[in-house]
Structures are given as structure tokens and as C-alpha cells.
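Sequence lines, in order, name chains Z and Y.
Under my numbering, think of the first position of the first sequence as 1, with each following residue one higher.
Under my numbering, think of the first position of the second sequence as 525, with each following residue one higher.
The beta-carbon is built from N, C-alpha and C at its ideal position, and this holds for glycine as well.
None of these values were measured; they are calculated from a predicted model.
For reference, the structure discussed in these notes is given below.
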Amino acid sequence: MKDHTEALRKLRISNHQLDQLEEMQAYQKAILDNAGAMIIATDEKGLITFFNHEASLNTGYDEMEVINKKTPLLFHDKKEIAKIRYELLNELEILIEDDFAVLVEKARRSKHEEEEFTYIRKDKTSFPVSLNITAVKNNSRKIIGFMSVAFDITERRKAEDELRNVQQLFLQLLKNYPDGSISIIDNKLRFVYTGGQLQTRLNIDQKELIGADIYPNIEEPLRNIIIKKLGNVFLTRNTISNFELPHPVAGDTYMMDAFPLLEEDGSVNKIGVIIRNISGLKKTEEGLRDALEKEKELGELKSRFVSMASHEFRTPLSTILSSAYLIEKYTTSEDQPKREKHLQRIISSVSMLTDILNDFLSLGKIEEGKIEVKLSEFNVKEMVSDTIKEMEHSLKKDQTINYSHEGSPEVFLDVSLLKFILMNLVSNAVKFSSEGASINIKTIHKDQHILLSVKDQGIGISKQDQAHLMERFFRGANATNIQGTGLGLHIVDKYAELMNGSVECKSELEEGTEFIITFDSKDS
Amino acid sequence: MSYKILLVEDNLLILDNTTEILELSDYKVFTACNGKDGLDMAMKQIPDLILCDIQMPVMNGYHLLENIRKSLSLVHSRFVFFTASSEKKDIQKGMQMGADDYIVKPFTGEELLDKLKKLLR
């Protein structure tokens, strides 16, 4: 009876312990199910003995389907197992045939390495996991099973991929930075990274530069200047902005910016450097400067034109006004000759105004390239003689004009342009010579050449002034007090050029001047 | 007694016309074609008024005025510039150098005579 009671008591205790055990298992299961990881336990051969809720959720297999029925190889990628087998063969020089044994070999050797695998779901879709396998040992250190903890790393992979993509894009950006370079440089002045088309232009493999001393193929002394400047950025932490490199690189002008890359603790161990080609910019700048210069020149020309035109117009206008006043005063019939004299003065002043106006118009046409050359055959001897006759009334007292011609008188030129040249040179000779002086005109037609010379005994032109004689509005230093627009010789020069001619000036101060114009005639 | 006027002008037409205008108004006119001849004539004639162009060969109007103002015998001679330039700086320069007045070309006969009348009053 006592024995019976004792047995009953033990059974009660055992039942109680059993309850406690079950309760503990329930707790454990709840913990393992909610651990946020896929937890799978197997026996030593690989048969699944525990499969938590997370594992079921992720793989799509039900606990009942796998426990005591399957090995974890059910959701492993066979290729990955083959890969580990190959690695183990290389590392340990042992060939493991069984797939599950391959999977747990490292755990068996107590190596707890987290490795990435691919799990294949029941529906054949796959996802990446980070897997850690541990060997479970009994009290006598014998392996009785394996416990694997896996995390779905789909999101981590995605983030890693994105980061890799961004890095790739960043490297692409550096590499393709057009016509310049972007670099990160360490405090030993070596490239941490460098890229950009400048390196390509300098025939350098960008990869070779990483870790190398900076800008090895920029020539001295420029390289040294750059090194000093960048060294200063480390020392002073000051940024360099728009520093134009004082020597060209590969024939172009470059500009450099450099800035310290501040670490979180405030130290500067690296700097960023951007070097960019500004040749195009420089060219645009120069173009703008030229345009501005031209604009300024045009402005000055305009103001000189206005002041000169005002001056030159006022002189003949004075004659016209005063002659008109006098005509009004001379009322008797005896005054008729005086009235006629003043009418004549008015007419000649108007024609002087017309001449000045024509010079301005000619200048305008020359500037616009609108002068048409009409070549024809004519008798140059007759043309010069007629022009001299026309100009006789404008000679000063006792001035004379002598003319001679050599060779065939027939020439092939533009008659009106040549007449303008002649009239201009003769009127200058008259203007700059004193009373009683003689003016000698000569034309020579020999072979293919025609020469026109107008020589005076006037005030002459200094050597210094001769260099500027053909410029618009230029007046000789000794001619500023003598009327003139400063346009005549400019037009003469341009007209001669239009007829393939050239103007030569021989002159001595106070002795006289000779203008010689030579044309290469195409001939009739 | 008529006033003596010295006219210094290198443009012969203006010189001739102005002489005629002045003579018609009973002025006694002496002429010169440049500053140098003008100075000689002034020293010789001691005119009451000198009418002078600025731009002239040999000696220009400014130089002539400078010389006139240095001469004690010409201290009473009035000096009037003829100028083809209406630019202020040219006129200012002449006035600063001691000119009494100026006339801008082109001018009418009346304008010229009015100015002389006022200056010689």
C-alpha cells in the first residue's frame, strides 16, 4: 500500500513536471516564433526538428510539411552548395559528397561565420538571406544537431545595390567631367581619386593615378606651383577659387578650385580639387573685349566726325552768309559786278560743301564695301589735262601746274576713281604749297604698269606722320591749322587698293611731298 | 574818326567778305593771313580791335593773342575770336587767355557789326 502510494505520488510529480516542461516549450516556441529571424533546427543528419513561424512565413512551407520530413536543402540553391563544396576542397583539401554536410561543415568546425545565401520559396521565388549555423552539442560535446538563424536581407541588398549604383554614377561623373579633372587628394599630396577628360587628354589611365603623386604629367614649373597652392589649402584650410593656372596645359588655359574636406572631428585630411578648361571662355571674353574696343573706336570716330564736320562746314557757310549779306547791301546798278562776284563765291562755297559731303559719303561707302569698280579703257593724258583745267581756278596766286606723260595714253582703269585720286592729290598740293609754287604731275604707262605722280614744294610731312597718313581723320602735326577733313588720303588709298594700286609717299619737311601711285593694269 | 580793325584770317574768301562788310560800315580795315603777319600789322597799326581766326598756319590765333597781351602798346586793343568750332572748350580757352569776346562761324553781317559796336562803345 505504501509502495502504491509512493508510486502515485511520483506519477503526480512527473505529471506536474511534464506540465511545467510543456509550458516552458510553449514559451520557448513563442520566443523563437517572434524572434524576427528564421530559426531552423535540425538533427545531426539534417532532418528539420524545429521550424519557427518566421521561417514558415518567409519560405512558404508549413511547419508540418518539413518537421521530421525535410532537410534545409529544401530551400537552398544547389549551385551555392556546389560552390561551398569547391571552396572547402580548396581550403581543407577534402571532398564532401553530402550536400547537408557541406552546408554545416564550418559549423561542425565551430566556425560561426555569417554568410549570404539564397533561399528558394515554395513558390520557386527566391530571396537573399544572411545565415549563421551553429552546431548544437550535448554534455559530452557530441554534436546532436544544428541550429540555423537566417535573416531576410532583401532590403539590405537593395540599399547596398543602390549605394553601389550611386558610387558607380559618381565615378562615371568624375571620369566624364568634360575638359577638366575632379580629384580628391590626401595630405601627402597623392590622389585618393581623380577623374575627368583632362587625364584622357594627357593620355593617362585614370586608375593608375590613384595612390600616385598628384598631376605627374603636368610639366614644371606649373606642377610645382599647383603643389604649393594645394599644400596651402591643407595648412590654411582656405578655399582656392578661380585660380587661373599661369601656364597652359596641353595648349589650353585652365582654372583651378580647391577646397578642404572637413572630417567630423574638424580635421582636414583630404581636399577636393577641380581643374577646368577655360580656353573657350577666354576666347569669348576676348571676342567681347574686341567688340567693346571696336564699339569704343566707333564712338570716338563718331565724335571726331561730328566735331570735324561741324568745323569744315562752318567755313564755306561763313562765306555764303557774308556774301549774301553783301549782295543785299549792293543795290545800285554799278554794284552789279560786286553782286556777281559774291554770287560766284556762294556757288563755289556750295560746291566746297558738296565736296566735303561727297568725301563723307565715299567714306561711308568704303566702310560698307559698297564701292563698285567700273574698269574701262580711256585716255589718261586727256583725263589729267582736263582735270587740271577744272582745278586752275583753285590755285593760289602764281601757282603753276606742269604735266607730262610717257608711254601709251590708253589705260584700263576706273576713270572716276582715278579722277578723284588726282583731284585730291592736286588740291592737297595746292593747299600745302605757298603762293608761286609749282606742282608737277607725271603719268607713265610702261609694260603692264601705270604710274601717277603728284609732286609739290609744300610744307612736307614728317616721317612720323607719314606712317599714319592713310588713317581716317588723320591730320599731320604741321597741318592742324590748315583746313581739311583728314579723309582725302584715306579715300585715295582705298580707291587705289580697289584698282590693285599702291600709294607711296616721299616727303621731307619744308621741302615738299611726292605721292606716287602705281597700278598693275590688266591692259586692253 | 573811324575805328581801326585788324582782321586776321587764312581763308581768303572770309577775309575778303568780312573786310567788305566792315568797310561798308566805315571801319578802317587792315588784314593779315596768319598770326605772324597779324602781329606785325598790329604793332604797326595799333588797331582798336583785332578780329582773329583760331586755326591758321605759321602762327595760330591763340599764339597771336598771347603776344598781343604781352605788348604794352596794344593794351587798349580789343580782341575778338572768330571760331569755326562751337565747342565750349575752344571758346573757354580763348576767353581765359584774355579775349574780349568771340563770334562763332557762320555769322551774319548784322551779328558781327552789333558785336563790334558794343565792344567799341
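- Among the residues of the region 300-316 of chain Z, those with a Cβ less than 9 angstroms away from any Cβ of chain Y are Ser307, Ser310, His311, Glu312, Phe313, Arg314, Thr315 and Pro316, in the order of the chain.
- Here DSSP, grouped into helix, strand and coil, assigns Ile31 (chain Z) to helix.
- It is roughly 5 angstroms from the alpha-carbon of Tyr254 (chain Z) to the alpha-carbon of Arg276 (chain Z).
- Residue-level contact by beta carbon fails for Ser526 (chain Y) and chain Z, as no gap is shorter than 7 angstroms.
- Burial state of Ile401 (chain Z) is buried, judged by a 10 Å Cβ sphere holding 16 or more other Cβ atoms.
- Leaving aside the five residues that flank Leu588 (chain Y) on each side, the residues in its chain whose CB is nearer than 7 angstroms to its CB run, in chain order, Val532, Gly559, Gly562, Leu563 and Cys576.
- Against Ile482 (chain Z), the close residues of chain Y are Asp534, Gln579, Met580 and Pro581, in the order they occur along the chain (beta-carbon pairs closer than 9 angstroms).
- Taking Gly618 (chain Y) as the centre and dropping the five residues before and after it, the same chain places the C-beta of Ile578, Gly585, Tyr586, Leu589, Phe605, Thr607 and Tyr626 closer than 8 angstroms to its C-beta, in chain order.
- The beta carbons of Asp186 (chain Z) and Asn52 (chain Z) sit about 49 angstroms from each other, so the pair does not count as a contact at 8 angstroms.
- Close partners of Leu326 (chain Z) in chain Y (Cβ separation under 9 angstroms): Asn541, Glu544, Ile545, Leu548 and Gly633.
- DSSP places Ile578 (chain Y) outside any beta strand (DSSP E), giving it a letter other than H or E.
- Under DSSP, Asp257 (chain Z) takes part in a beta bridge, and its partners are Z:Ile274.
- Separation of the CB atoms of Asn424 (chain Z) and Gly488 (chain Z) is rounded to 5 angstroms, and the pair is thereby assigned contact status at 8 angstroms.
- Residue environment for Met38 (chain Z): buried (at least 16 other C-beta atoms within 10 angstroms of its C-beta).
- Judged by DSSP in its simplified three-state form, Asp550 (chain Y) adopts coil rather than helix or strand.
- Within the region 587-639 of chain Y, the complete beta strand (DSSP E) runs of at least 3 residues fall at 602-607 and 625-628.
- Residues of the same chain with a CB within less than 8 angstroms of the CB of Gly231 (chain Z), apart from the 5 flanking positions on each side, are Leu189 in chain order.
- Asp213 (chain Z) is bridged by DSSP to Z:Arg190.
- The beta-carbon of Thr319 (chain Z) is placed less than 7 angstroms from the nearest beta-carbon of chain Y.
- The distance from the Cβ of Gly484 (chain Z) to that of Ile461 (chain Z) is about 13 angstroms, inconsistent with a contact at the 8 angstroms cut-off.
- Ile320 (chain Z) is a Cβ neighbour of Ile346 (chain Z), given a cutoff of 7 angstroms.
- Asp99 (chain Z) and Ile67 (chain Z) have their alpha carbons spaced roughly 19 angstroms apart.
- Between Ile574 (chain Y) and Val553 (chain Y), the gap from beta carbon to beta carbon reaches 7 angstroms or more.
- In this structure, Z:Gly251 is the residue among Z:Ile214, Z:Gly251 and Z:Phe117 with its C-alpha nearest to the C-alpha of Arg201 (chain Z).
- Taking 7 angstroms as the CB threshold, Lys642 (chain Y) stays off the interface with chain Z.
- The beta-carbon of Ala608 (chain Y) is placed less than 7 angstroms from the nearest beta-carbon of chain Z.
- In the DSSP assignment, Pro128 (chain Z) is bridged to Z:Thr118.
- A residue is called buried once 16 or more other Cβ atoms fall within 10 Å of its Cβ, and Pro216 (chain Z), having fewer, is exposed.
- Contact of Arg339 (chain Z) with chain Y by beta-carbon distance below 7 angstroms is absent, the smallest such distance being about 12 angstroms.
- Here Asn224 (chain Z) is exposed, its C-beta having fewer than 16 other C-beta atoms within 10 Å.
- When Cβ-Cβ separations below 7 angstroms define contact, Ile615 (chain Y) makes no contact with chain Z.
- Classified as exposed, Ile31 (chain Z) has fewer than 16 neighbouring CB atoms from the shown chains inside 10 Å of its CB.
- Ile182 (chain Z) is bridged by DSSP to Z:Gly195 and Z:Ile274.
- If you check the CB distance, Glu115 (chain Z) and Leu131 (chain Z) come in under 7 angstroms.
- Proximity of Pro571 (chain Y) to chain Z, defined by a Cβ-Cβ separation below 7 angstroms, is not satisfied.
- Distances from the alpha-carbon of Asp179 (chain Z) to those of Z:Ile274, Z:Leu235, Z:Glu97 and Z:Tyr27 put Z:Ile274 closest.
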